[in-house]
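J.:
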Ligand code: ZN
């Protein structure tokens, strides 16, 4: 589904555009190498969270489930530069729970495509609401954007925080407070 030939041509043009000589030793394999790399870092293009979340199982009466510090790497769709950091994903089950690794998989499906952090945060929350039908979801992402740190305002280490709540997390302050308490903040 990823057209590697198109990517190869585009990278060649891009290098020519900045005045490079594409035939020199160090660049000869670069278009092919990037085409292969893009298959991996944009692998989420052909995937859906339903596959990632897979099957759920019953767990009556459980409280907030929080998976924190899920490391993710994504690509900013405005500059095609990486943004990366940690995702913290919590939900309040309504009888159904899912394997913890599935939460990280869901983050990955949405991270591995051209993104903006705000949408990535919302998509993870909405996927959980849809697939798990929990009482509520809260997702927080903290990330460093290379388009902010290596160019433009150049603020190395600056973190962008985005938070999305759904269901009861949106309505009940004490659940949000519990989230941050479980996060240790
Ligand atoms: Zn950007």
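Numbering (this note's numbering), first residue to last: 124 to 308. We put the beta carbon where it would ideally sit given N, CA and C, even for glycine.
1. Would you list, in sequence order, the uninterrupted alpha helix (DSSP H) runs of no fewer than 4 residues that lie entirely inside the region 194-275?
2. Does residue 292 pass the burial test, meaning 16 or more other C-beta atoms within 10 Å, or should it be called exposed?
3. Using only the heavy atoms of ligand 1, determine whether one of them is closer than 7 Å to the beta carbon of residue 268.
4. In terms of residues, what are the limits of the beta strand (DSSP E) holding residue 288?
5. Within the present structure, is the beta-carbon of residue 204 separated from the nearest heavy atom of ligand 1 by less than 7 Å?
6. How big is the Cα-Cα spacing for residue 212 and residue 294?
7. Do you know how far the Cα of residue 169 is from the Cα of residue 145?
8. Return yes when the C-beta of residue 145 is under 7 Å from any heavy atom of ligand 1, and no when it is not.
9. Give me the DSSP bridge partner(s) of residue 181.
T.: Let's see:
1. 223-234, 240-255, 269-272
2. buried
3. yes
4. 283-290
5. yes
6. 17 Å
7. 31 Å
8. no
9. 219
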